[in-house]
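Asks:
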Amino acid sequence: MAVLDPVRPAFRAVGQTVVPEAARLTESEWAAVEDIVEQALATRPPRLQRQLVTLIRLLQWLPLFRYGRPFTALDPTHRTRFLAAIQDAPVLLLRRGFWGLRTLVLMGYYARPVAATEIGYQADPRGWEARRP
Amino acid sequence: MTERVYEVVIIGSGAGGGTVAQALAPMVRDGVRILVLEKGPRLADGEFTGREMEMATALYEDGGGFLTADGTMTLAFACTYGGSTVVYTGTSLTAPERVVRHWNVPGLDHADVVRRSEKYLRENNVHLLGPDALNDNNRLFVEGGRRAGYHVEQFPVNVKGCRGSSFCNLGCPNQAKQGTNRVQLPAAERDGVEVVTRAEVLRIEVDRSVVVRVGEKPAGGKGAPSEWAPGDYRVRGKIVVSAGGAIGSPALLLRSPLPTPRCLGDGFTCHPALILVAEHPRAITNDVGHPKSFFVDRGAEERFVLETCMYFPFTTAKAITGFGAAHSAMVRAFPRLQMILVLACDHATPGNRITADAAGKPVVHYRFTPETVDGLVRGTVASAKIFFAAGALRVHAPFADPPLIDARDAARVEALITTRHWRPGKTTVSAAHLMGGCGMGRSAADSVTDVWGRVHGIPWLRVADASLFPDSLEINPYVTIMALADRVAEGIREDARELLA
């Protein structure tokens, strides 16, 4: 079973908040994002994998206390507001947990070759030869 | 367990291990068997593709994201034939006199470090790149730095036939960078030194044997299979050299049943670094050309060094604080981004140390001191001034709230960028200059080794890597690692008759 399986909808909701363009990803593009994340997680200890799943569950259900709905049911504005509060939380554990989750999302999204092209990244092993006419 | 016998066993193949291997290689002619054990794989030239995740996974420990114990910083160090010399940018500086004086290691003379460094500067083809090889990202740093009143210097680099791929930190796809994988290790192998890759050293025993686990090549993974069949080995040696780096060496010695000094693991420093970006009004050449050609050294005065840099899409996105639309807009400005790396000159501090967990894996304990945070903040302020002086429209500064500073606020950067916005765990801080843990010194009371890398009380055990540094070097460390490893090799040659008897 993949690490993200139990929390996939919440992971994607966080993903769309971290990278708004992710809202336009197709199912197969999400699969590519999650494949990169799963590969990165595969080399990490099981304890860390469990901590990640626990954090995503926490992010999914914590908004119930503030907004009366889980994270996946919030509109984009409230999702952003909620994650901004977590990012600046006084508790280091929450801040660094969110930093780790955000890093995984950014990795999954921007490490795809198509995303690199989208942002105008053109590096080429041929270096100057590939750039100069 | 299979047994093998050698006279000299070198653990690690980076700047330290590669240097010792080459320096001792002439002894092979006298019948001395020398073995280098490298935990990582040996990649073929064609396997260096420049693809970010693919290469990071293949070359770095934990893909370059090795976390400190409290999770507030990532450490980047390579695990491959050639160690971190495969993934650095090739910047080649010699240890400053004031730093060696501050280290205060009896018998370590700055002139000796310089003399040995110069030998490797020549061997590694270190030189200044010509103006036609410089990209806009570097030119803007020079122009902005000079306008802002900083003394900008050019990095000598160790490249040969650089095509400007900009992939230095992912391993050069054109084999231009003269790391130990290109220079010292091939030379040592030609002289008869054996190098075994995918060989993880589990421990060093008191009888001078080294317990090694050789791994299989994972399905679909990069690199050649190990030179030895997978399995566990006991390698009997007479001299053992630990050159596994500032994380690897202390952890290995800590998990070995050896009477090592109590301060083993202490004194870890790493030049914590921030990647800063600024947006210009027009596209600039940034992802082509050597990425790191210039620097500003304010280490002595303000505890920071600035370097030009250019990173890859994910690494860049990770470095930009926050998330959402503003974050995306900055990443999407990639063709217009100028980048500067801020490195803090941290110092050895009680508590910042390497330990080993129950499984023997390294754990890095690191707390940011107020002085280190101050260095990062001062470096960020200086970078913002340079960015704006170079014509940037806006600057991303993680120590400002909000982190994006517009050009109309350029005169206020000192007021906007302050230590009060420092939140550990929020800002992306990473380090690649890992130092200390087996520091040199006078005796076991204050250090792990003597000035020749000889572990106090264990004359057959030597250390030859950045873990020898008693404190931060304040510059890019590989040349100094080579200089110290050269000393270690000389000490081994002098003691060889007695130790090999």
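So the protein sequences, as listed, match chains A and B. My numbering applies: residue 25 is where the first sequence begins, and numbers increase by one. My numbering applies: residue 822 is where the second sequence begins, and numbers increase by one. Idealized CB from N, CA, C, for every residue including glycine. Computed from a predicted model, the values in this text were never measured in an experiment.
For E1192/B, count neighbouring Cβ atoms within 10 angstroms of its own Cβ and tell me buried if that reaches 16, exposed if not.
Replies: Classification of E1192/B: exposed, given that the 10 Å Cβ count is below 16.
Asks: Strictly below 8 Å CB to CB, what residues from chain A border G1013/B?
Replies: Within 8 Å Cβ-Cβ: nothing; G1013/B doesn't reach chain A, min ~34 Å.
Asks: Over what stretch of residues does the beta strand (DSSP E) that includes G1052/B continue unbroken?
Replies: Note, G1052/B: beta strand (DSSP E), 1052-1057.
Asks: Thinking C-alpha only, which one of G1052/B, G1200/B, K1038/B, R943/B is nearest L1023/B?
Replies: Out of G1052/B, G1200/B, K1038/B, R943/B, G1052/B has the C-alpha closest to the C-alpha of L1023/B.
Asks: Please name the residue, chosen from F1290/B, H948/B, G1262/B, that lies closest to V981/B on a Cα-to-Cα basis.
Replies: Residue identity differs from the one stated: residue 981/B is Lys in this sequence, not Val. Answer by Cα proximity: H948/B.
Asks: Alpha carbon to alpha carbon, what distance is there between F988/B and V138/A?
Replies: About 18 Å.
Asks: Identify whether R1024/B lies in helix, strand or coil by the three-state DSSP scheme.
Replies: Here R1024/B sits in strand by DSSP.
Asks: Here's a check: name, in chain order, each residue in its chain whose Cβ is nearer than 7 Å to the Cβ of I1141/B, leaving out the five neighbours to either side.
Replies: Answer for I1141/B: V1098, H1148, M1151, V1152, H1217, listed in chain order.
Asks: For the putative contact between H1111/B and G951/B, defined by C-beta atoms under 8 Å, what is the C-beta separation to the nearest angstrom?
Replies: So it is not a contact: roughly 11 Å between Cβ atoms.
Asks: Going by C-alpha to C-alpha distance, which of H923/B, L991/B, A1008/B sits closest to A899/B?
Replies: Here the closest residue by C-alpha is L991/B.
Asks: Quick check on this structure: which residue in D112/A, V61/A, V27/A, P87/A has the alpha carbon closest to the alpha carbon of L130/A?
Replies: Here the closest residue by C-alpha is V61/A.
Asks: Quick check on the DSSP output: the beta strand (DSSP E) that includes V857/B runs from which residue to which?
Replies: Residues 855-858.
Asks: Output, in chain order, the set of chain A residues within a Cβ distance shorter than 7 Å of A1138/B.
Replies: Those are L130, Y134, listed as they occur along chain A.
Asks: Please report how far the alpha carbon of P114/A lies from the alpha carbon of S913/B, in whole angstroms.
Replies: Spanning the two alpha carbons is a distance of roughly 41 Å.
Asks: Could you tell me whether the Cβ of E142/A comes closer than 9 Å to any Cβ of chain B?
Replies: Closer than 9 Å: yes.
Asks: Report the residue from E1100/B, L1075/B, S1268/B whose alpha carbon sits nearest the alpha carbon of A1180/B.
Replies: Closest by alpha carbon: L1075/B.
Asks: Quick one: which chain A residues come within Cβ less than 8 Å of D1108/B?
Replies: Here the neighbours are Y145, Q146, A147.
Asks: Would you kindly work out how many angstroms separate the C-alpha atoms of T141/A and E53/A, rounded to a whole number?
Replies: Cα-Cα distance, rounded: 15 Å.
Asks: Anything in chain A within Cβ reach of G1246/B, meaning under 7 Å, just list it in chain order.
Replies: Those are L116, R119, R120, W123, listed as they occur along chain A.
Asks: Tell me the DSSP secondary structure of L880/B in three-state form.
Replies: The answer is helix: DSSP assigns L880/B an H, G or I state.
Asks: Under 9 Å Cβ-Cβ, which residues of chain A neighbour F898/B?
Replies: Residues of chain A passing the Cβ test: none, with the nearest at roughly 15 Å.
Asks: Residues in its own chain within less than 6 Å of D1118/B by CB, not counting five upstream and five downstream?
Replies: V1126, listed in sequence order.
Asks: Against chain A, which members of the stretch 978-998 of chain B pass a CB distance test of less than 8 Å?
Replies: From the stretch 978-998 of chain B, only C983, R984, G985, S986, S987, F988, P994, N995 have a Cβ closer than 8 Å to chain A.
Asks: Does E873/B get closer than 9 Å to chain A when you measure Cβ to Cβ?
Replies: For E873/B, the answer is yes, since a Cβ of chain A falls inside 9 Å of its Cβ.
Asks: Nearest-angstrom Cα distance between Q40/A and A46/A?
Replies: Cα to Cα, the separation comes out at about 5 Å.
Asks: Quick check: Y909/B and Y1187/B, are their CB atoms within less than 9 Å of each other?
Replies: Not closer than 9 Å, so no.
Asks: Got a sec: is the Cβ-Cβ distance from D957/B to anything in chain A below 9 Å?
Replies: No, no contact with chain A.
Asks: So C1091/B and L896/B are in contact, right, with Cβ under 8 Å, and what is the actual spacing, rounded?
Replies: Their Cβ separation, rounded to whole angstroms, is 7 Å, which keeps C1091/B and L896/B in contact under 8 Å.
Asks: Closer than 9 Å by beta-carbon distance: list the chain A residues that pair up with A1146/B, in chain order.
Replies: Correct list: P44, T104.
Asks: Taking only beta-carbon positions, decide if T96/A is within less than 9 Å of chain B.
Replies: No, no contact with chain B.
Asks: Restricting to Cα atoms, I'd like to know which of A1094/B, E1315/B, R1199/B is closest to N1297/B.
Replies: Looking at the Cα atoms, A1094/B is the closest of the given residues.
Asks: What number of angstroms, rounded off, separates the C-alpha of F1220/B from the C-alpha of E1015/B?
Replies: Distance between the alpha carbons of F1220/B and E1015/B is about 49 Å.
Asks: Taking a Cβ distance cut-off of 8 Å, strictly less, list which residues of the stretch 63-80 of chain A are near chain B, in chain order.
Replies: From the stretch 63-80 of chain A, only Q63, A64, T67, R68 have a Cβ closer than 8 Å to chain B.
Asks: Is the distance from the Cβ of L65/A to the Cβ of L125/A below 9 Å?
Replies: No. Outside cutoff.
Asks: By DSSP, does L1164/B sit in helix, in strand, or in coil?
Replies: DSSP places L1164/B in strand when its eight states are reduced to three.
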